[in-house]
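Engineer: To start, I am sharing the structure in question, which I have written as structure tokens.
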């Protein structure tokens with residue numbers, strides 16, 4: 188088996204690289220030359236680990252979901268990233284990147300966000316470090332993720348709407364990149380996923396790799412072995428999946444399950460199932476799989492989940508799926524909503540809509556009774572209550588509970 192790792196040019200197989208405007212070259216090159224050396228410094232590791240422990244609340248628990256396990260006839264553990272400070276995995280990356288930004292002398296931080304969790308995590312670390320924060324967010328997402336917009340504003344961030352295109356995550360990323368081009372000297376762009384030009388996909392994956400690092404020793408404590416049969420995670424850009432997969436990438440005993448948003452159906456025209464619908468191309472600075480027309484125009488994605496509403500995937504995931512190392516599963520809005528309701532009522536945990544897609548994938552998977560599955564519960568569902576209530580009012584009118 189070939190070892191899965193990024194090469195010196197920032198490629199995973201044929202995917203990756205840095206396709207950037209000339210004005211951004213100094214910034215990206217500065218990061219490329221700095222990030223690995225900085226991450227290996229004892230002073231960085233000491234501060235990073237201290238913040239993860241005392242501020243974020245790590246390690247996050249690995250929880251045996253007993254009722255869910257009984258339902259599916261297999262052992263299911265949940266990696267509880269929803270219990271992190273700010274409610275999702277995003278804080279792992281923003282802690283690392285804000286320390287890097289301060290090391291580089293940057294005074295102004297920009298970010299993009301879809302579901303709002305990365306925006307909240309960025310605003311949080313900027314408040315912690317006393318740095319200016321500007322978050323770009325699609326106008327559609329600002330409306331459907333209002334609680335997270337309120338949190339960002341409370342934390343002192345300026346939320347700037349992206350009003351072009353579908354007014355979602357892709358467009359917010361476009362606006363953030365434009366800002367960076369116009370403010371290259373004093374600004375650091377904290378990208379929230381394993382997307383963008385090298386070194387971002389590798390850097391974000393390394394910061395998020397704490398997830399799989401903990402899974403290994405926690406699983407050994409629970410079961411006596413330090414690897415699961417499969418790791419399941421939702422994928423938009425793919426940072427929670429990259430973190431959950433990271434320490435198992437080269438362990439073929441572990442199945443890697445990447446769960447995408449099928450929206451109203453993979454071939455409905457209202458979908459974000461990039462692994463099925465995407466072809467090779469360049470988006471936001473890297474070569475990857477993306478949804479595009481025959482002449483290279485981006486096809487607007489759709490998902491009820493703002494965090495999965497993206498026309499591409501990170502180059503690591505593109506490589507994993509195309510090479511056969513990872514399996515891609517597509518889940519519709521309807522199935523994700525029902526999975527969220529089921530998990531909430533079976534385990535007393537309200538998952539984010541993004542994470543709900545990962546739970547819904549269980550209905551499409553084949554596994555043995557003695558398998559041990561780990562699902563990355565990437566975030567909590569407070570931000571999605573409006574969508575959940577709309578669904579609940581439809582399937583349980585007048586408060587009449589359904590039994591499945």
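In our numbering, the protein residues as written are 188 to 591.
Idealized CB from N, CA, C, for every residue including glycine.
The beta strand (DSSP E) spanning residue 348 covers which residue range?
Structural biologist: Note, residue 348: beta strand (DSSP E), 345-349.
Engineer: When DSSP labels each residue in this structure, what does residue 410 get in the three-state scheme?
Structural biologist: Three-state DSSP puts residue 410 in a helix.
Engineer: Can you tell me whether residue 471 is helix, strand or coil according to DSSP?
Structural biologist: Three-state DSSP puts residue 471 in coil, outside helix and strand.
Engineer: Do the CB positions of residue 499 and residue 477 come within less than 8 Å of each other?
Structural biologist: For residue 499 and residue 477, yes; Cβs fall inside 8 Å.
Engineer: What is the rounded straight-line gap between the Cα of residue 439 and the Cα of residue 501?
Structural biologist: Cα to Cα, the separation comes out at about 21 Å.
Engineer: Among the candidates 256, 446, 280 and 251, whose CA atom is the shortest distance from the CA of residue 266?
Structural biologist: It is 251 whose Cα lies nearest to the Cα of residue 266.
Engineer: From this set, 369, 541 and 298, which residue's C-alpha is nearest residue 339's C-alpha?
Structural biologist: With distances taken between Cα atoms, residue 339 lies closest to 298.
Engineer: So, at 6 Å on beta carbons, what are the nonlocal neighbours of residue 323 in its own chain, with the 5 sequence-adjacent residues on each side left out?
Structural biologist: The answer, listed in chain order, is 299, 347, 349, 359, 362 and 363.
Engineer: Counting only runs that start and end within the segment 285-357, where is the beta strand (DSSP E) found for 3 or more residues in a row?
Structural biologist: DSSP runs (the beta strand (DSSP E)) wholly in the segment 285-357: 295-300, 319-325 and 345-349.
Engineer: If you count every other CB in all the chains shown that lies within 10 Å of the CB of residue 577, and 16 or more means buried, which is it?
Structural biologist: Per the 10 Å Cβ criterion, exposed.
Engineer: Where do the N-terminal and C-terminal ends of the alpha helix (DSSP H) with residue 375 fall, by residue?
Structural biologist: First-last for residue 375: 374-376, but that is the beta strand (DSSP E), not the alpha helix (DSSP H).
Engineer: If we count Cβ pairs, one from each stretch, closer than 8 Å, do we get three or more for the segment 240-260 versus the segment 218-228?
Structural biologist: The segment 240-260 is not in contact with the segment 218-228.
Engineer: Could you tell me the distance, in whole angstroms, from the CA atom of residue 376 to the CA atom of residue 281?
Structural biologist: Approximately 10 Å between the Cα atoms of the pair.
Engineer: Pop quiz: residue 445 and residue 409 are said to be a contact at Cβ under 8 Å. What is the actual Cβ separation, rounded to whole angstroms?
Structural biologist: So it is not a contact: roughly 24 Å between Cβ atoms.
Engineer: Taking residue 234 as the reference, which of 284, 462 and 389 has the closest Cα?
Structural biologist: Cα-wise, what sits closest to residue 234 is 284.
Engineer: Quick one: is residue 480 buried, meaning 16 or more other Cβ sit within 10 Å of its Cβ, or exposed?
Structural biologist: Looking at its Cβ environment, which holds fewer than 16 other Cβ atoms inside 10 Å, residue 480 is exposed.
Engineer: Assuming contact is defined by CB atoms lying nearer than 8 Å, are residue 219 and residue 371 in contact in what I supplied?
Structural biologist: Taking 8 Å as the Cβ cut-off, residue 219 and residue 371 do not qualify as a contacting pair.
Engineer: Would residue 550 be called buried (16 or more neighbouring beta carbons within 10 Å of its own) or exposed?
Structural biologist: Residue 550 should be labelled exposed.
Engineer: Using a Cβ-Cβ cut-off of 6 Å (strictly less than) and excluding sequence neighbours within five positions of residue 513, which residues of its own chain qualify?
Structural biologist: 443, 445 and 507.
Engineer: Contact check, residue 471 vs residue 382 under 8 Å by CB: the rounded distance?
Structural biologist: Their Cβ separation, rounded to whole angstroms, is 6 Å, which keeps residue 471 and residue 382 in contact under 8 Å.
Engineer: Measuring only the C-alpha atoms, how far is residue 528 from residue 542?
Structural biologist: About 12 Å.
Engineer: Rounded to a whole number of angstroms, what is the C-alpha to C-alpha distance between residue 334 and residue 570?
Structural biologist: Approximately 6 Å between the Cα atoms of the pair.
Engineer: Cα separation between residue 434 and residue 452?
Structural biologist: Roughly 32 Å separates the two Cα atoms.
Engineer: CA-CA distance, residue 379 and residue 391?
Structural biologist: Spanning the two alpha carbons is a distance of roughly 8 Å.
Engineer: Should residue 605 be labelled buried (16 or more other beta-carbon atoms within 10 Å of its own) or exposed?
Structural biologist: No statement about residue 605 is possible, as the shown extent of the chain runs from 188 to 591 and does not include it.
Engineer: Please classify residue 401: does DSSP put it in a helix, a strand, or coil?
Structural biologist: In the structure shown, residue 401 sits in a helix (DSSP, three-state: H, G or I).
Engineer: If we ignore side chains and look at the alpha-carbon of each, how far apart do residue 462 and residue 277 end up?
Structural biologist: Taking the straight line joining both Cα atoms gives about 23 Å.
Engineer: Would you give the residue range spanned by the beta strand (DSSP E) that residue 519 belongs to?
Structural biologist: Where residue 519 is concerned, the enclosing beta strand (DSSP E) stretches over 513-519.
Engineer: In angstroms with no decimal places, state the Cα-to-Cα distance between residue 241 and residue 422.
Structural biologist: Going from the Cα of residue 241 to the Cα of residue 422 covers about 28 Å.
Engineer: With DSSP as the reference, please indicate the residues paired to residue 262 in a beta bridge.
Structural biologist: Answer is 559.
Engineer: Can you list, in chain order, the residues of its chain with a C-beta nearer than 6 Å to that of residue 546? Leave out the 5 residues immediately preceding and following it.
Structural biologist: Correct list, in chain order: 526 and 530.
Engineer: So for residue 180, helix, strand or coil by DSSP?
Structural biologist: Since the first residue of the chain shown is 188 and the last is 591, residue 180 is not available in this structure.
Engineer: Based on Cα-Cα distance, which residue from 405, 230, 489 and 345 lies nearest to residue 597?
Structural biologist: Any answer about residue 597 is impossible in this case: the structure gives the chain only from 188 up to 591.
Engineer: Is it buried or exposed for residue 232, if we count other Cβ within 10 angstroms and need 16 for buried?
Structural biologist: By the neighbour-count rule (16 or more Cβ atoms within 10 Å), residue 232 is not buried but exposed.
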